[in-house]
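Scroll down for the structure; my scribbles are underneath it.
2 protein chains.
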Amino acid sequence: MSTATDTIRNGVDTEKMFATLDLIKAQPELAKFQFRATNRWIDGAHNRSTIQGFYAAGGEDTTRGEAFQIDAGEPAILLGTDTGPNPAEYLLHALAACLTTSIVYVAAARKVELTSVESTLTGDMDVRGALGVDDEPRNGFERIGVSFSVSGNAPEEKLREVVERAKKRSAVFDMVTNGVPVAVDVTTD
Amino acid sequence: MSTATDTIRNGVDTEKMFATLDLIKAQPELAKFQFRATNRWIDGAHNRSTIQGFYAAGGEDTTRGEAFQIDAGEPAILLGTDTGPNPAEYLLHALAACLTTSIVYVAAARKVELTSVESTLTGDMDVRGALGVDDEPRNGFERIGVSFSVSGNAPEEKLREVVERAKKRSAVFDMVTNGVPVAVDVTTD
């Protein structure tokens with residue numbers, strides 16, 4: 019096998035990964051990132067976010083040639099026309115995606131070759147909260163369940179360690195379990 | 019104007035909305051919903067969620083003929099190939115979408131006709147946390163900023179009240195600001 023091939027594991031360039039970690043250790047100011055989304059209401063429960071630029075490693079990242087556009091909606095029972103997943107479903111997707119990528123990166127760093135990572139997420143909600151019918155149920159999910167099925171060339175114990183480490187490092191798992199301060203300002207015209 | 023037209027405001031059928039609220043008040047057990055996502059790792063930072071069925075109002079909702087498929091990724095600087103927005107960006111989208119739909123629904127209920135709702139969200143992150151370089155910065159965003167621009171046929175004070183009420187009722191705003199218990203289980207094979 020060539021050296022170039024050896025550095026790629028689980029689709030992650032581990033040489034580049036370790037170089038990135040070394041660089042950030044040496045220059046912690048490069049670790050300051052800012053991600054962004056802009057959103058525009060279209061009609062009813064239909065709105066669209068545009069995601070492109072972000073600040074990373076000391077400057078504005080302009081490597082994305084095109085913006086991502088993602089549409090949200092609600093199903094008929096929640097008064098929409100199903101123009102996209104609803105916002106709570108997008109939160110489940112964000113959590114699934116972040117835990118999965120964390121598992122894949124941690125495994126790459128620990129020389130574990132994965133063959134599959136699948137997950138099912140459920141979020142239980144009493145919609146009386148969000149609909150304003152009753153103050154007692156919270157607006158969001160009361161609980162979220164995540165079931166992972168992970169396969170790879172490592173003993174079960176090692177695969178479980180990889181998932182545990184991924185939970186400890188996932189950005190979205192941190193935010194969803196611990197919360198984040200959110201400041202909202204409004205202009206009208 | 020016809021009565022049928024009068025019931026639609028901001029793209030929301032207000033007659034159906036008030037009927038839904040009355041029904042849930044009378045039968046609170048109908049308010050139990052469960053949303054779901056399944057996710058599959060593809061390669062590197064690329065993974066895909068599939069979102070279709072959900073439990074609502076006493077039974078499984080099967081009105082979605084096709085599943086939504088949404089792809090996540092990471093930009094090159096975070097070792098991906100930009101196969102989609104990253105998970106933290108999806109969380110910003112979920113928050114924007116939920117606040118926006120809440121604003122639109124609250125406005126519809128309060129007889130405010132909106133002409134535009136736009137928002138810009140920013141999330142500041144020190145990536146040393148998520149990359150495991152340093153234990154001090156948290157993994158997720160330290161803070162999220164949301165700037166709304168709202169226009170409609172109501173005085174500024176009323177538009178601001180609509181946004182305030184939407185914050186108090188948004189499912190994703192609740193989850194992101196207060197956190198949710200998340201249980202993760204793992205099977206390996």
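Line by line, the protein sequences are chains A and B.
Counting along the first sequence from 1, when you hit position 63 you're at 81 in this note's numbering, and nothing is skipped either side.
Counting along the second sequence from 1, when you hit position 87 you're at 105 in this note's numbering, and nothing is skipped either side.
Ideal Cβ positions, reconstructed from N, Cα and C, are used throughout, including at glycine.
In this text, all values refer to a predicted model and were calculated from it rather than measured experimentally.
Residues that residue i bridges to, as DSSP identifies them
i: MET143 (chain A); result: B:PHE51
i: HIS64 (chain B); result: B:ASP61
i: TYR73 (chain B); result: B:GLN52 and B:GLU78
i: ILE162 (chain B); result: A:VAL200 and B:GLY141
i: LEU132 (chain A); result: A:GLY170
i: ALA127 (chain A); result: The partner list for ALA127 (chain A) (beta bridge, DSSP) is empty, contrary to what the question assumes.
i: VAL30 (chain A); result: A:ARG27
i: ILE88 (chain A); result: A:SER67
i: THR205 (chain A); result: B:SER167
Contacts around residue i, its chain only, beta-carbon distance under 6 Å, and the 5 residues preceding and following it disregarded
i: THR138 (chain A); result: SER165
i: GLU136 (chain B); result: SER167
i: THR140 (chain B); result: GLY163
Residue closest to residue i, alpha-carbon to alpha-carbon, out of the options
i: GLY29 (chain A); options: B:THR32, B:ALA63, B:ARG58 and B:ILE26; result: B:ALA63
i: GLN52 (chain A); options: B:LYS34, B:ALA94, B:ALA106 and B:ASN65; result: B:ALA106
i: PRO173 (chain B); options: A:LYS129, A:ASP207 and A:GLY150; result: A:ASP207
i: GLY147 (chain B); options: A:GLU154, A:VAL190 and A:GLY158; result: A:VAL190
i: LEU132 (chain B); options: A:MET35, A:ARG54 and A:ILE60; result: A:ILE60
i: ILE95 (chain B); options: A:ILE26, A:GLY163, A:GLY102 and A:GLU78; result: A:GLU78
i: ASP89 (chain B); options: B:SER134, B:ILE69, B:VAL124 and B:ARG82; result: B:ILE69
i: ALA85 (chain A); options: A:SER188, A:THR56, A:ASN65 and A:PRO46; result: A:THR56
i: VAL151 (chain B); options: A:THR81, A:LYS50 and A:THR101; result: A:LYS50
i: LYS185 (chain A); options: A:VAL130, A:VAL200, A:GLU175 and A:THR119; result: A:THR119
i: ARG82 (chain A); options: B:GLY83, B:GLY102 and B:ARG82; result: B:GLY102
i: ASN171 (chain B); options: B:GLY91, B:LYS129, B:VAL200 and B:ASN104; result: B:LYS129
i: VAL200 (chain B); options: A:GLN87, A:ASP100 and A:LEU110; result: A:LEU110
i: SER188 (chain A); options: A:ILE121, A:GLU175 and A:SER134; result: A:ILE121
Cβ shell of residue i (< 8 Å), same chain only, five flanking positions each side left out
i: LEU48 (chain B); result: LEU41, ILE42, ALA75 and GLY76
i: GLU160 (chain A); result: ASP142, MET143 and ASP144
i: ALA115 (chain A); result: VAL190
i: MET35 (chain B); result: TYR123, ALA126 and ALA127
i: GLU154 (chain B); result: ARG146 and GLY147
i: ASP100 (chain B); result: GLY91, GLU92, PRO93 and ALA94
Backbone CA spacing between residue i and residue j [nearest angstrom]
i: ASN196 (chain A); j: LEU97 (chain B); result: 26 Å
i: THR38 (chain B); j: ALA112 (chain B); result: 24 Å
i: MET19 (chain A); j: THR25 (chain A); result: At MET19 (chain A), the pLDDT of 44 sits below 50, so the modelled position is not reliable; the number obtained from the coordinates is stated separately. Rounded to the nearest angstrom, the two C-alpha atoms are 11 Å apart.
i: VAL180 (chain B); j: GLU33 (chain A); result: 51 Å
i: SER169 (chain A); j: LEU177 (chain A); result: 8 Å
i: VAL15 (chain B); j: ARG183 (chain A); result: This structure gives no information on residue 15 (chain B), because the portion of chain B shown stretches from 19 to 207.
i: TYR73 (chain B); j: ILE162 (chain A); result: 14 Å
i: PRO93 (chain B); j: VAL194 (chain A); result: 22 Å
i: ASN157 (chain A); j: LEU117 (chain B); result: 12 Å
i: VAL198 (chain B); j: GLN45 (chain B); result: 26 Å
i: LEU149 (chain B); j: VAL202 (chain A); result: 28 Å
i: ARG66 (chain B); j: ARG66 (chain A); result: 19 Å
i: TYR108 (chain A); j: GLY71 (chain A); result: 20 Å
i: THR80 (chain A); j: ARG54 (chain B); result: 34 Å
i: ARG27 (chain A); j: ARG58 (chain A); result: 39 Å
i: GLN87 (chain A); j: ASP192 (chain A); result: 25 Å
i: ASN104 (chain B); j: SER134 (chain A); result: 20 Å
i: GLU175 (chain A); j: GLU175 (chain B); result: 58 Å
Interface residues of chain A facing residue i [CB-CB closer than 9 Å]
i: ARG161 (chain B); result: VAL198, PRO199, VAL200 and ALA201
i: ASN28 (chain B); result: TRP59, ASP61 and GLY62
Chain-ordered chain B contacts of residue i [CB-CB under 8 Å]
i: GLN52 (chain A); result: THR140, GLY141, ASP142 and MET143
i: GLU92 (chain A); result: THR119
i: GLU174 (chain A); result: THR206
Proximal residues of chain A, C-beta to C-beta of residue i below 7 Å
i: ARG156 (chain B); result: ASP192
i: ARG187 (chain B); result: ALA148, GLY150 and ASN157
i: ALA74 (chain B); result: ILE95
i: ALA112 (chain B); result: PRO105, TYR108, LEU109 and ALA112
Neighbour list for residue i in chain B, Cβ cutoff strictly below 7 Å
i: VAL168 (chain A); result: VAL204 and THR206
i: GLY102 (chain A); result: PHE86
i: LYS34 (chain A); result: LEU97
i: LYS43 (chain A); result: VAL151
i: ALA115 (chain A); result: ASN57, ASN65, SER67, ALA90, PRO105 and TYR108
i: ARG82 (chain A); result: PRO93 and ASP100
Proximal residues of chain A, C-beta to C-beta of residue i below 8 Å
i: GLU136 (chain B); result: THR56, ASN57, ARG58 and TRP59
i: GLU208 (chain B); result: Nothing in the structure corresponds to residue 208 (chain B), since chain B is present only between 19 and 207.
7 Å Cβ shell around residue i - same chain, five flanking residues per side excluded
i: ASP31 (chain A); result: THR25
Residue i: contacting residues in chain B (beta-carbon distance under 9 Å)
i: ASP24 (chain A); result: Neighbours of ASP24 (chain A) on chain B: none; closest Cβ ~16 Å, over 9 Å.
i: ALA125 (chain A); result: The contacting residues do not exist; ALA125 (chain A) stays about 10 Å from chain B at best.
i: ARG178 (chain A); result: VAL204 and THR206
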